[in-house]
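So the structure is just underneath, and the comments pick up after that.
2 protein chains.
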Amino acid sequence: MSDSTARETIQYQDQDGKQQSHLLTLPMEAAQADREPHSYERWLISKLLRMAGSPPVRFQLWNGEFVEPERVQAEFTIRLNDHKALLSLVTNPNLAFGDLFSSGRLQVDGDLAELMATLYRHVHNARQRWPRWLEALWRNHAPRSTGESEAKENIHHHYDLGNEFYQLWLDNAEMQYTCAYYESPDITLEQAQLAKLEHVCRKLRLKPGMTVAEAGCGWGGLGRYMAREYGVKVHAYNISKEQLAYARAEAKRQNLDHLVEYIEDDYRNIAGRYDAFVSIGMLEHVGKENFPAMSELIRRVLKPNGLALLHSIGRNRPMLMNAWIEKRIFPGAYPPSISEFMSICENGEFSVLDVENLRLHYAQTLTHWMERFQDHRQQVIDMYDEHFARAWEMYLAGSTAAFRAGSLQLFQVVFTHGANNDLPQNRRDLYESPAAPEAR
Amino acid sequence: MSDSTARETIQYQDQDGKQQSHLLTLPMEAAQADREPHSYERWLISKLLRMAGSPPVRFQLWNGEFVEPERVQAEFTIRLNDHKALLSLVTNPNLAFGDLFSSGRLQVDGDLAELMATLYRHVHNARQRWPRWLEALWRNHAPRSTGESEAKENIHHHYDLGNEFYQLWLDNAEMQYTCAYYESPDITLEQAQLAKLEHVCRKLRLKPGMTVAEAGCGWGGLGRYMAREYGVKVHAYNISKEQLAYARAEAKRQNLDHLVEYIEDDYRNIAGRYDAFVSIGMLEHVGKENFPAMSELIRRVLKPNGLALLHSIGRNRPMLMNAWIEKRIFPGAYPPSISEFMSICENGEFSVLDVENLRLHYAQTLTHWMERFQDHRQQVIDMYDEHFARAWEMYLAGSTAAFRAGSLQLFQVVFTHGANNDLPQNRRDLYESPAAPEAR
Chain X
95 MSDSTARETI QYQDQDGKQQ SHLLTLPMEA AQADREPHSY ERWLISKLLR
145 MAGSPPVRFQ LWNGEFVEPE RVQAEFTIRL NDHKALLSLV TNPNLAFGDL
195 FSSGRLQVDG DLAELMATLY RHVHNARQRW PRWLEALWRN HAPRSTGESE
245 AKENIHHHYD LGNEFYQLWL DNAEMQYTCA YYESPDITLE QAQLAKLEHV
295 CRKLRLKPGM TVAEAGCGWG GLGRYMAREY GVKVHAYNIS KEQLAYARAE
345 AKRQNLDHLV EYIEDDYRNI AGRYDAFVSI GMLEHVGKEN FPAMSELIRR
395 VLKPNGLALL HSIGRNRPML MNAWIEKRIF PGAYPPSISE FMSICENGEF
445 SVLDVENLRL HYAQTLTHWM ERFQDHRQQV IDMYDEHFAR AWEMYLAGST
495 AAFRAGSLQL FQVVFTHGAN NDLPQNRRDL YESPAAPEAR
Chain C
95 MSDSTARETI QYQDQDGKQQ SHLLTLPMEA AQADREPHSY ERWLISKLLR
145 MAGSPPVRFQ LWNGEFVEPE RVQAEFTIRL NDHKALLSLV TNPNLAFGDL
195 FSSGRLQVDG DLAELMATLY RHVHNARQRW PRWLEALWRN HAPRSTGESE
245 AKENIHHHYD LGNEFYQLWL DNAEMQYTCA YYESPDITLE QAQLAKLEHV
295 CRKLRLKPGM TVAEAGCGWG GLGRYMAREY GVKVHAYNIS KEQLAYARAE
345 AKRQNLDHLV EYIEDDYRNI AGRYDAFVSI GMLEHVGKEN FPAMSELIRR
395 VLKPNGLALL HSIGRNRPML MNAWIEKRIF PGAYPPSISE FMSICENGEF
445 SVLDVENLRL HYAQTLTHWM ERFQDHRQQV IDMYDEHFAR AWEMYLAGST
495 AAFRAGSLQL FQVVFTHGAN NDLPQNRRDL YESPAAPEAR
């Protein structure tokens with residue numbers, strides 16, 4: 095028996111907080127050379143599907159044989175090209191699914207984003223019934239550190255892939271790599287991104303001559319928009335050199351460089367006092383442990399009657415980031431729940447004025463990105479390789495799915511100092527005219 | 095020395111969590127019969143003013159003499175009618191101010207709400223510098239359990255004071271005893287209360303034929319409004335007999351009793367499944383310890399695509415209720431911060447869609463209530479007595495001040511089940527036409 099099995103011991107805490115271990119026994123052949131599927135492997139797939147809440151998914155094994163789901167009609171097929179892929183998938187599905195897909199060892203028939211959304215929904219419902227050892231085996235891990243030096247590495251890892259790459263599939267209005275605002279469902283990505291910028295400016299109640307600090311400015315689109323459309327002065331901070339080079343060149347080209355200054359520095363070093371503080375799509379990379387510093391920063395730089403807006407991916411309740419996304423795409427990422435988000439506002443004694451959830455807007459944004467990515471697939475392969483392209487597809491489709499299934503949220507939170515009584519008394523002004531450019 | 099002083103020992107925890115005590119030594123004469131002010135008492139007032147952050151307030155003592163504030167010009171005068179009042183005020187200002195005012199032993203020259211707002215602002219800034227023993231001496235206490243018989247009596251004392259009393263000063267549109275919505279600053283209380291009802295209905299996206307559960311319905315105004323204006327079926331729960339009698343009679347009079355059913359029962363016993371769940375101004379009386387039950391209740395009764403709206407007084411950060419309000423007006427009251435509020439949403443795996451803060455709308459509502467209360471002051475005295483009228487003035491003015499100074503917030507939170515994708519994608523529809531009736 096000991097010769098024909100491999101054993102893995104899983105450590106976990108039981109409900110009383112005691113350390114426990116669970117011995118997982120797997121047949122040794124599973125780790126050997128390619129061959130006909132073992133009956134144990136068919137059983138593992140059935141078990142995997144049951145543990146995942148019985149989604150309408152069938153598997154095709156490396157010999158061409160199908161393993162159908164029980165009691166449901168399959169809507170998707172996952173093809174496994176070798177038996178080792180199955181073993182990875184069973185022992186660490188959160189990480190392995192993305193890795194196997196990227197390398198082509200796992201393939202999908204059917205819409206990838208729809209499959210992922212289906213999996214997320216089923217797993218979400220099923221996991222309440224998981225035994226503790228399975229919860230421990232399949233858990234996601236704590237995000238990596240986001241101190242200043244690590245933040246640089248984390249950001250470089252993703253954001254310095256090259257402006258040329260992002261230009262292939264982001265909007266060609268202001269290169270926004272954050273959730274757009276689909277004021278009406280049929281507008282273009284460009285319109286929706288400009289509508290997002292406009293919606294943010296309206297929420298900040300910008301007026302000509304005001305000063306704005308922006309933390310994490312990407313390619314600088316918001317800064318230029320605020321300067322151009324609202325006549326405000328912007329200090330925009332970023333630590334990605336490639337993005338800053340683009341941002342500065344573009345501001346110069348548009349004759350906005352007297353109004354927008356792009357500063358290469360960590361957000362923690364923002365200096366001065368401003369009428370508005372804004373950060374779009376940075377907080378999910380900041381890490382919970384830096385929320386107190388974020389809170390102090392905003393307290394320090396925001397004038398007494400100033401307005402702050404943070405736009406971030408979030409959660410319905412505190413949860414760790416998906417392992418594959420955190421490991422392969424966004425190191426250090428941690429989307430906060432509102433209660434976690436509130437530690438920024440409550441520690442700073444801010445008054446929260448407005449929270450809006452734009453969850454499905456991000457699903458639509460990602461769908462648009464995916465379409466454009468597919469249109470330029472060959473160019474991406476020429477720039478990188480097939481593995482890179484598939485990894486990116488998994489990331490875009492998986493993220494679309496997470497927003498559709500409700501695993502991720504998108505929060506825009508507006509707040510001010512607690513004693514600020516100089517406020518618009520309702521939000522009607524945000525809706526007085528369309529935010530999207532064509533309709534204006 | 096021991097003959098001429100009274101001593102009080104204050105217990106408190108130091109920053110390391112160790113139990114400490116501070117001996118407060120007061121002159122014995124302070125507890126004796128009326129007489130000329132002692133120089134120690136003048137010193138106590140100066141100390142009190144400094145500890146309160148040096149507000150522009152002077153004191154007039156029982157012999158007519160003034161004690162001016164240091165370094166500021168007095169804008170308000172607090173008159174103390176006897177020396178024992180001073181002792182109470184110094185040792186327990188949160189509770190004593192309201193009690194002394196109610197009994198007429200403390201009187202105020204100048205606008206009471208403005209004085210209170212000034213005090214709240216100064217104390218808020220000053221308390222960061224308080225020594226631990228003072229923090230311990232002046233602290234507010236944990237709210238009483240809503241199950242205690244004393245609390246029940248007091249709640250009965252507040253809400254069952256008689257419809258006749260509330261009719262004197264609440265709006266005569268729908269008798270709303272919650273924050274109104276001043277869509278424009280110059281509308282009447284009646285318009286603003288109807289605008290609130292309309293704003294809530296719009297946020298719930300009500301359509302004819304839908305079903306709504308309401309927890310804590312007061313005099314039933316929202317239920318009737320929803321039935322009349324939106325053609326929905328309402329089950330409205332309340333435990334106040336007097337309010338229910340009014341609510342039922344009024345629904346019958348308006349021929350709405352086939353649509354609105356008023357049910358005398360605890361909110362925890364709400365039965366059925368509904369397209370919408372709404373609770374206006376009840377959560378601040380529910381108590382944090384009952385938030386898990388609230389969360390489970392809404393999970394149970396809200397249909398998969400249903401929307402829930404909770405409207406509650408809140409805080410910028412977790413804090414205990416003012417001692418006087420908690421003891422004399424609203425036993426068991428605890429206005430939650432958003433992070434505390436979120437325990438309802440996050441434990442229930444709800445997705446929060448919208449948070450709006452209507453803080454200054456409540457200040458204006460309270461100002462309108464106070465004006466009407468003053469117009470009917472003699473009637474109130476005839477129904478009760480001078481002490482009651484002054485206590486009510488303190489409550490209305492103090493609450494106005496708390497909203498103006500930012501000590502209290504008013505949150506409207508809209509949420510739904512996590513998997514609900516059947517949602518309006520923006521909030522434009524809330525603002526398509528005026529919510530206030532005259533302008534519609």
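Here the protein sequences line up with chains X and C, keeping their order.
Counting in my numbering, the first sequence runs from 95 upward without gaps.
Counting in my numbering, the second sequence runs from 95 upward without gaps.
The beta-carbon is built from N, C-alpha and C at its ideal position, and this holds for glycine as well.
For residue i, write down the residues that DSSP places opposite it in a beta bridge.
{"i": "C/Thr494", "result": "According to DSSP, C/Thr494 bridges with nothing at all."}
{"i": "X/Leu391", "result": "According to DSSP, X/Leu391 bridges with nothing at all."}
{"i": "X/Val328", "result": "X/Val306, X/Val354"}
{"i": "X/His405", "result": "X/Ile374, X/Gln506"}
{"i": "X/Leu200", "result": "X/Leu174"}
{"i": "C/Asn451", "result": "C/Phe505"}
{"i": "X/Ser445", "result": "X/Thr510"}
{"i": "C/Leu396", "result": "C/Tyr368"}
{"i": "X/Val151", "result": "X/Phe170"}
{"i": "X/Phe160", "result": "X/Gln154"}
{"i": "C/Ser431", "result": "C/Arg409"}
Skipping 5 residues on each side, what residues in its chain have a beta carbon closer than 7 angstroms to that of residue i?
{"i": "X/Val217", "result": "Ala146, Gly147"}
{"i": "X/Ala190", "result": "Ser182, Leu183"}
{"i": "X/Glu323", "result": "Cys295"}
{"i": "C/Arg362", "result": "Ala387, Leu391"}
{"i": "C/Arg299", "result": "Leu401, Pro518"}
{"i": "X/Leu350", "result": "Arg318, Ala321, Arg322"}
{"i": "C/Gly241", "result": "Confidence at C/Gly241 is low in this model, with a pLDDT of 48, below 50, so the placement of that residue should be treated as unreliable; the coordinate-derived value is given next. Same-chain partners within the cutoff: there are none."}
Please decide whether residue i counts as near chain C, where near means a Cβ-Cβ distance under 9 angstroms.
{"i": "X/Ser389", "result": "no"}
{"i": "X/Pro536", "result": "Nothing can be reported for residue 536 of chain X: it is not among the residues displayed for chain X, which extend from 95 to 534."}
{"i": "X/Cys273", "result": "no"}
{"i": "X/Tyr276", "result": "yes"}
{"i": "X/Pro412", "result": "yes"}
{"i": "X/Glu383", "result": "no"}
{"i": "X/Glu450", "result": "yes"}
By Cβ distance, which residues of its chain are closer than 6 angstroms to residue i, with the 5 residues on each side in sequence left out?
{"i": "X/Pro398", "result": "His511"}
{"i": "C/Glu378", "result": "Ser406, Ile407, Ala427, Pro429"}
{"i": "X/Arg342", "result": "Tyr356"}
{"i": "X/Ala485", "result": "Ser196"}
{"i": "C/Lys297", "result": "Leu403, Val508"}
{"i": "X/Arg136", "result": "Val161"}
{"i": "X/Leu454", "result": "none"}
Closest Cβ-Cβ distance between residue i and chain X: below 9 angstroms?
{"i": "C/Met415", "result": "no"}
{"i": "C/Val328", "result": "no"}
{"i": "C/Gly500", "result": "yes"}
{"i": "C/Met436", "result": "yes"}
Is it the case that the Cβ atoms of residue i and residue j are separated by a distance below 9 angstroms?
{"i": "C/Pro237", "j": "C/Pro412", "result": "no"}
{"i": "C/Asn332", "j": "C/Phe385", "result": "no"}
{"i": "C/Leu353", "j": "C/Lys382", "result": "no"}
{"i": "C/Gln506", "j": "C/Asp448", "result": "yes"}
{"i": "C/Asn234", "j": "C/Asn416", "result": "yes"}
{"i": "C/Tyr489", "j": "C/Arg422", "result": "yes"}
{"i": "C/Phe371", "j": "C/Val306", "result": "yes"}
{"i": "X/Met483", "j": "X/Ile281", "result": "Looking at the sequence provided, one finds Ala at residue 483 of chain X rather than Met. It is not a contact, given that the beta carbons lie outside the stated cut-off."}
{"i": "C/Gly310", "j": "C/Ile374", "result": "yes"}
Less than 8 angstroms between C-beta atoms, sequence neighbours within five positions excluded: which residues of the same chain meet that for residue i?
{"i": "C/Val202", "result": "Phe170, Thr171, Ile172, Arg173, Phe195, Leu209"}
{"i": "C/His481", "result": "Ser196, Ser197, Gly198"}
{"i": "X/Asn157", "result": "Glu130, Pro131"}
Report yes or no: do three or more beta-carbon pairs, one from the segment 308-321 of chain X and one from the segment 263-271 of chain X, lie closer than 8 angstroms? yes
Counting beta carbon pairs with one atom in the segment 461-472 of chain X and one in the segment 430-439 of chain X, are three or more of them shorter than 8 angstroms? no
Would the segment 447-462 of chain C count as touching the segment 272-281 of chain C if we require 3 or more Cβ pairs under 8 angstroms? yes
Counting Cβ pairs closer than 8 angstroms, one from the segment 481-497 of chain C and one from the segment 276-291 of chain C, do we hit at least three? no
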